[in-house]
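First the structure, in the form of C-alpha cells, and then the observations on it.
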Amino acid sequence: MDNKRLDNKKVVETTKAAEREYGVGHKLIGKNYETADLYAKVTGSAKYAEDFRADGMLFCKLLLSPMPHARVKHIDAKAALAMPGVKAILTADDLPAPADTLTDNGTVIKASKWGERGLTMEPVYQGEPILAVAAVDELTAAEAIEKIQIDFEPLPFVVDPLDTLRPGGPNPRTDGNVWTRPPATASQGPGTPAITELKWTESDFAELKKGRLPMGKTPDEWTYGDLDSGFKNAALVLDETFITPDTSHQTLETRSAMAYWRNGKVYIYTGTQSTAQTLPAIARWLNIDPEKVVFISEYTGGGFGSKITGGVTMIIPALLAKKTNAPVMMRISREEETFIGRARPGFQGRMKVGFSKEGRITALDMFVVCDNGPYDAVGDSPSSGRIVSLLYQPQAMRWRGVTVLTNTPPRSAQSSPGGLQGIVIIEPIIAKAARRLGLDQVGIRRINCPEGKAELGPAIQGKRQYATSSFLKEALDRGAEQFKWAERVARTPKRIGTTVRGVGVSLSCYVGGTIGFDGLLVIKPDGRITFQSGIGNLGTESVIDVHRVGAEVLGVPWEKCDVTWGNTAKNLPFTCVSGGSQTTHAMTRAAYATAMDAKKKLQEIAAKKLGGKPEQYEVANERVFRKGGGAGMTLAQAAKHAIELGGIYDGHEAADDLHKLTKASVAAFAGQGLVGAAKDNYPRDGNTYSYVASFAEVEVDIETGKYYIVDFLASADVGTVIHPRALGGQVLGRSTLGIGHAIGQKWVFDPRYGEMLSKRFYHSKPPTILDVPVDMQWSALDIPDPETPVGARGVGEPPVGGGCASVLNALSDALGDEIFQRAPVNADTILTSLEAGRPMQHPLMAHI
Amino acid sequence: MAEKASFKVIEDLPKEDVPKAVSRRNFIKGVITSGVAVSSASYLFRASSLLQGQQLAAGIGERLITLNVNGQQRRVDVMKQETLAWTLRYKLGLTGTKLGCDRAECGSCTVLIEDIPLYSCSVLTHTVRGRKVMTIEGLASADGTLHPVQQGVIDEQGFQCAFCMSGFIMTTVGYLKTNPNPTRQKLAHGVSGNLCRCQDYDKILTALMRGADNTRRSVLG
Ligand code: FES
Ligand code: FES
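Going line by line, the protein sequences match chains A and B. The working numbering puts the first sequence at residues 16 to 863. The working numbering puts the second sequence at residues 146 to 366.
Pasting the structure below:
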C-alpha cells in the first residue's frame, strides 16, 4: 500500500542557491535590509484604503447588472430615495464627459466612445455597475439598492469568442465584435483602435469539427523569414491547438476606495500600483485639473496588473462625495471584485512548428484568438507573438491575432500579459517535439534560446527590434545543474504502483524596463537624505529598493536615508507606471541620474567654497572632499551652503528637461536643502527584457488524478540584483501565479444565460501554501545588463509563463502527450483522458 | 482545549427580536439569489450612531456589550448579526484585521479567541463576550517590543503586499501555542487556512519558521 500513497517527498535534492552572495563590491546594492514599510505591516498599523476614516463618512453600494448585455430603459429610485438615511444616487448621467488625453509631446488622444466609465446605461457584462447609492451606513445603502426598480431590455450577448466570429453570430457590442487598428497614415500616424465587425466563413469553421482552431481572417498579422521553406526543410512539423484560461487577478485587497472634497480639491484613497501616475488618470476620469486631485495610496494589497493606475470605479465615491458634501467610503466585496476587478484574457491558440532533427525551430506559424471582454483593447495578443519570437528565436515566423470582444468581465494586463499565453501554447509543443525527436528537454531549449542582442518581432522599415541583452542560456545551464536535471531524468522507475513522476523545464521572458523618468532627492541641513518616491507600494518593495542605488552613489549609510511615498501632496517626481516590469529598470536609472546630479552639485559647492575645480572633489562617507585628502565638508554643511547659494542648488530652479510634475515638486522643496533632480537621459541600445528558466517535478497518482509539485526552481537572468529577498519574492511569487494557471484556475460560465459561475475564491482558487513545494528555490545570475547604468532589469512578469509551462511539461512527461490540450489540468481531466487514451475535454469551447 | 474552543450559548437574546431593518425574507433572498442582492448582502452593516436615533427607535437590535480585546475591556454597541471583524475594524478602530473575502475563504481576518485562531468575519461578536480576543495590534508588548513571530517576519523580509500578513501571523501565533516546534511541512499545514495572493509562500514560510524559532528562544530566555 505504501508505494501507492503520494508521499510528496523529494528523491533528488535541489542545490540550495538562495544563500548566494549578491552585491559583491557594493555596500547597499545586492544586500538584504529591512524595508521602511515593514514595521507598520507587521504591527497592523499600515493603512490600506479601507482603513481610513473621515468624520461623517457615508457608505455607498453599487447596483450591478444581472444581465450580460442589456439596455437600461428606466430607473425608478423613488422608494429608495425616500428612505431615511439615503443621501444620494449616482447614475451614468452624473458622470463627467470622458476627457481627451494630452500627451507630454502635445498630441491629443481623443477619448474613446467605447471606453469604460464606471457606471453605464448599457451594461456589457454581468456585474457591471449601473448606479450607486450613498447612505449613512452600508445596510441602508444596500436596502435602498433593493428598492430600486430597473427596466432592462436584454440584448444579444457572447461569452465564447468563437460564437461571435461565426457567420451570423451575435455581436457583444452594438458596433461590432473585434478591435481593429486602422493602418497608419503618413499625416496622422498610427490609427486609433476601433470596434468593427468580423465574421469568419462556414468553411473556416470546418476546422472546428476536427478539433482544431479555425483560422479565419485576422485584423493583425506579421511575418519574417521564409516560412514555407522552413516547414519544407523541417524534420518534424507539429500543428496543435491549445486553450489558456481566463484568470481573475484576485488581489487580496479589493478595489475599495474612499473620497472627500476639501477646498475645491478631491482627496482619493485607494490601492494603486503607481502613485504618481494614478493622479493624471483620476484627473482624466473626473475631467478636472490634475492640480485639484490629491491621491493617497500608502499600501496596496496586491495589483498584478489590475491596479496599474487604480480602477475607474474609484470616481464613484468621489462623485458621490461631491453630491452629498460628505466623505464617502465604497467597500468592494469579493464577488463585486470578481466582476469589476479585472482578469487575464484567455487565448484560443493554434501553432504549427517545424523542427530540424537537432530540434532547432525552422518555422513557426502562430494564430491566436484573445478574449478581450467588453472594453478597451488589451495588448496580450500582439505581445504573445513578440515574446514567442524572442524566446525561441524561430528562423522564420508568422503571427496572426484577433482581439475579440465578449460580454464577460473586463480584462487588463495580468503579470506577463500575452507572455504567459504565448509560452503556454508553445512549450507543450516543444516538449512533445523533444520526445518525438529523442532529444533532451533542456537541450532542445538550449539551441533555440535567445543570446545577447537577440532579435524579436517583425521587421519594421527593414529592421527587426532586438533585446538589450540575454544571458538565458547561462540561466538555463545553471538551473539545470542546480535542479540536477540529468539525475532526475535518468532516475528509474518513473512509476511505482499508481504513482508516476515527471520533470519539466520551460523558458520564460517578458519586458523588463523602460527609460526616461525623473528622480528627486533632498540632502537636508541635518545631513539626512530624503528620497521622493512616486512608485506605488504594492509589496514588491521597488518603491524603496531603487533608492538604495542613490544612497550607494552618494556614499550615505542607509540609516541616514528616508523615503517618502504614497501621497501625491508630498511632492513626488514623474515616475513610470509599475506595470510591465518596468520599475526596477526605469527607476534605478532615474535614481542613479538623480544621485549623480546631487553629486555634481556637491562637488561644485565644495569647489566654490574651498577652491579648486569640482572634479578635484569626491563624495564618500557623508562628505565631499579633495581627492587624495585635504579640505572638505560634510553633506550637512554642503546642504546649508546649497541653501545660501540658491538657484539650482536648493530647488529654486530646476533643469529644463524635467517633467512638469517633477518641476512642481522641486519648487516645493526650494530652500530646504540640496535638491538633486534629474531625468534619466542615459542611452539604451535595444529593448529591455528579463528571462527565467523554470524547472518542476510532479508526482501524479493515476488512480485519483491528483498530483503534487514536488520540487520547483526558477533560475533568473534579470541583470544586477538590487534586493535579493524582494527579488526572490517576485521570482517565486510570480512563478506561483503562473502555476495557478496550470493546476486549477479558470473561469466557468453558463453559456445559455451568460452567467458567471466562478465568482469567489473557492470557485477558482489561487494556489495555497499546500499547492507548492515547502522549499521552492530561486537564483539569479546577477550579470549586469550592459545598456543601463546600474545593470538592473525588471522581474515581476518574466517568471510567470515558466511557472505554468514547467508544470504542464512535467505532467506530460509523466502522463504522455494525449492528456490535455488546455490549461488548467485538473484531476478529472487526467482520469478521463487516461482512460480514453486521448484528451477528453472539449477542444475549443471557452470557460468550461 | 476542546472546551475552550466551543462557544458559550447566548441565552439572553430575545428570540423574536428580528431586526426590522433587514427582514428575514430579504436576508435569505440576499443569500440565495445571485447578482445584485448577493453582492450587497456580503458586506452589510449598520452604523446606528450615524442614524441619529431615527432608526434606533424602530429597534434594530443593537445592544451594549463588553469585549475583552488585546487585554482591555471595551464597551461597544453591537447588532446581533454583527461579525467580530466588523466590530474590530469599524467600532474599535482595530484595522490591522483585514477583510479579504468576508466569507471564510481567505483567513486575512484571523484573530485569536482564547488562543485559538478563528476567522473573525465568520464569528458573531456577541458570541465572544467574556472571551479573550487578540488581534495583530495586541501582539507587541507595551514597550514596543515585537512578538517573536512579528520579529521573524522582519528578520526575513517576509510577505509582499502584506494584506494577508496579520492573518498569517495570528494563525502562526495560535498554532505555535500547541505546536511549538513544527517542521516546515507541519507549519505549512498549520497556516494553510490562510490565502496569500502574492504567493511568495516560500519566504512566508521561512519567516514564520524564524518566528517559531524566535518564540522558542523567548520562552527559554
Ligand atoms: S475575510 Fe474572513 S476568511 Fe476571508
Ligand atoms: S503578501 Fe499580498 S496577499 Fe499575501
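Glycine included, each C-beta is placed from N, C-alpha and C at the ideal position. Nothing here was measured: the structure is a model prediction, and the numbers come from that model.
At a Cβ threshold of 9 Å, is residue 174/A touching chain B?
-> False, the Cβ-Cβ gap to chain B never drops below 9 Å.
Report the rounded CA-to-CA distance for residue 328/A versus residue 357/A, giving the unit in angstroms.
-> The alpha-carbon atoms of residue 328/A and residue 357/A are separated by roughly 12 Å.
Interface residues of chain B facing residue 63/A [CB-CB closer than 7 Å] | Per Cβ cutoff of 7 Å: 308.
In whole angstroms, what is the alpha-carbon distance linking residue 786/A and residue 723/A?
-> Taking the straight line from one Cα to the other gives about 7 Å.
Taking the C-alpha atoms as reference points, what is the distance between residue 508/A and residue 707/A?
-> Between residue 508/A and residue 707/A, the C-alpha separation is close to 30 Å.
If you drop the 5 nearest sequence neighbours on each side, which residues of the same chain put their C-beta closer than 7 Å to that of residue 819/A?
-> Taking C-beta separations shorter than 7 Å and ignoring five residues to either side along the sequence, the partners of residue 819/A in its chain run 435, 439, 753, 754, 756, 757 and 838, following chain order.
Who are residue 89/A's beta bridge partners in DSSP?
-> BP columns for residue 89/A point to 166/A.
Report the three-state DSSP secondary structure of residue 210/A (helix, strand or coil).
-> Note: residue 210/A maps to strand in three-state DSSP.
Do residue 568/A and residue 610/A have their CB atoms nearer than 9 Å?
-> Note that the C-beta distance between residue 568/A and residue 610/A is below 9 Å.
Using a beta-carbon distance below 9 Å, is residue 396/A in contact with chain B?
-> Closer than 9 Å: no.
DSSP-derived helix/strand/coil call for residue 198/B | Residue placement at residue 198/B is poorly supported in this model, since its pLDDT is 40, which falls under 50; the coordinates still yield a value, given next. In this structure, residue 198/B counts as coil in the three-state DSSP scheme.
Spell out whether any CB of chain A is found under 9 Å from the CB atom of residue 207/B.
-> Not one chain A Cβ lies under 9 Å of residue 207/B.
Ends of the beta strand (DSSP E) at residue 523/A?
-> From DSSP, the beta strand (DSSP E) with residue 523/A extends over 514 to 528.
In chain order, what are the residues with a CB under 5 Å from some non-hydrogen atom of ligand 2?
-> Checking every Cβ against the heavy atoms of ligand 2 under 5 Å gives 267/A, 317/A, 304/B, 305/B, 306/B, 308/B, 309/B, 341/B, 342/B and 343/B.
Nearest to residue 680/A by alpha carbon, out of 858/A, 287/A and 588/A?
-> It is 588/A whose Cα lies nearest to the Cα of residue 680/A.
What's the C-alpha gap between residue 657/A and residue 689/A?
-> C-alpha of residue 657/A to C-alpha of residue 689/A: approximately 5 Å in a straight line.
Closer than 8 Å by C-beta to residue 273/A: which residues in its own chain qualify, once you throw out the five before and the five after it? Chain order, please.
-> Within the same chain, residue 273/A has close Cβ partners 64, 65, 67, 69, 72, 283, 284, 285, 332, 342, 343, 344 and 345.
Take residue 258/B as the anchor and find which of 305/B, 283/B, 245/B and 331/B has the nearest alpha-carbon.
-> By alpha-carbon distance to residue 258/B, the top candidate from 305/B, 283/B, 245/B and 331/B is 283/B.
For my contact list, residue 354/B and residue 332/B are in at a C-beta cut-off of 8 Å; report their separation, rounded to the angstrom.
-> About 6 Å separates the two Cβ atoms, so the contact holds.
Tell me, to the nearest whole angstrom, how far the beta carbon of residue 252/B is from that of residue 338/B; I am working on the premise that it is less than 8 Å.
-> Yes, they are in contact, since the Cβ atoms of residue 252/B and residue 338/B sit about 5 Å apart, within 8 Å.
Tell me where the alpha helix (DSSP H) around residue 824/A begins and ends.
-> Here the alpha helix (DSSP H) through residue 824/A covers 813 to 830.
Residue 243/B: beta carbon under 8 Å from a heavy atom of ligand 1?
-> Flag set: Cβ of residue 243/B near ligand 1.
Would you list, in sequence order, the uninterrupted alpha helix (DSSP H) runs of no fewer than 4 residues that lie entirely inside the segment 599 to 667 of chain A?
-> Along the length of the segment 599 to 667 of chain A, whole alpha helix (DSSP H) runs at least 4 residues long occupy 650 to 660, reported in chain order.
By Cβ distance below 6 Å, which residues in the same chain neighbour residue 363/B in space, the five residues on each side in sequence not counted?
-> For residue 363/B, where only same-chain residues beyond five positions count, the Cβ hits under 6 Å are 293.
Which chain A residues sit within Cβ distance under 9 Å of residue 280/B?
-> Those within 9 Å of residue 280/B in chain A are 59.
Buried versus exposed call for residue 39/A [16 or more other C-beta atoms within 10 Å across all chains shown] | So residue 39/A counts as exposed.
For residue 227/B, which of helix, strand or coil comes out of DSSP?
-> If DSSP states are grouped into helix, strand and coil, residue 227/B belongs with coil.
DSSP-derived helix/strand/coil call for residue 354/B = Residue 354/B falls in the helix class under three-state DSSP.
Give the secondary structure of residue 75/A by DSSP, where H, G and I count as helix, E and B as strand, and everything else as coil.
-> Strand at residue 75/A.
Note down the Cα distance separating residue 194/B from residue 275/A, rounded to an integer number of angstroms.
-> For residue 194/B, the predicted structure reports a pLDDT of 44, less than 50, and the residue's modelled location is therefore unreliable. A value from the coordinates is still provided. The alpha-carbon separation between residue 194/B and residue 275/A amounts to approximately 21 Å.
To which residues of the same chain is residue 137/A closer than 6 Å at the C-beta, ignoring the five residues directly before and after it?
-> Within the same chain, Cβ atoms closer than 6 Å to the Cβ of residue 137/A are found at 86, the five residues on either side in sequence being excluded.
Once you ignore the five residues that flank residue 834/A on each side, which residues in its own chain have a CB closer than 8 Å to its CB?
-> Residues of the same chain with a CB within less than 8 Å of the CB of residue 834/A, apart from the 5 flanking positions on each side, are 826, 827, 840, 844, 845, 848, 849 and 854 in chain order.
Give the residues of chain B in contact with residue 741/A, contact being defined as C-beta atoms less than 9 Å apart.
-> In chain order: 302 and 305.
Any C-beta of chain B under 9 Å from that of residue 447/A = Residue 447/A does not count as touching chain B.
Report, in whole angstroms, the separation of the C-beta atoms of residue 330/A and residue 626/A, which I expect to be a contact under 8 Å.
-> Not really, about 58 Å apart at Cβ, beyond 8 Å.
With a CB to CB cut of under 8 Å and the five nearest residues on each side skipped, what residues in its chain are close to residue 317/B?
-> In chain order, 294, 332, 335, 336, 353, 356 and 357 place their CB closer than 8 Å to the CB of residue 317/B, counting only its own chain and leaving out the 5 sequence neighbours on each side.
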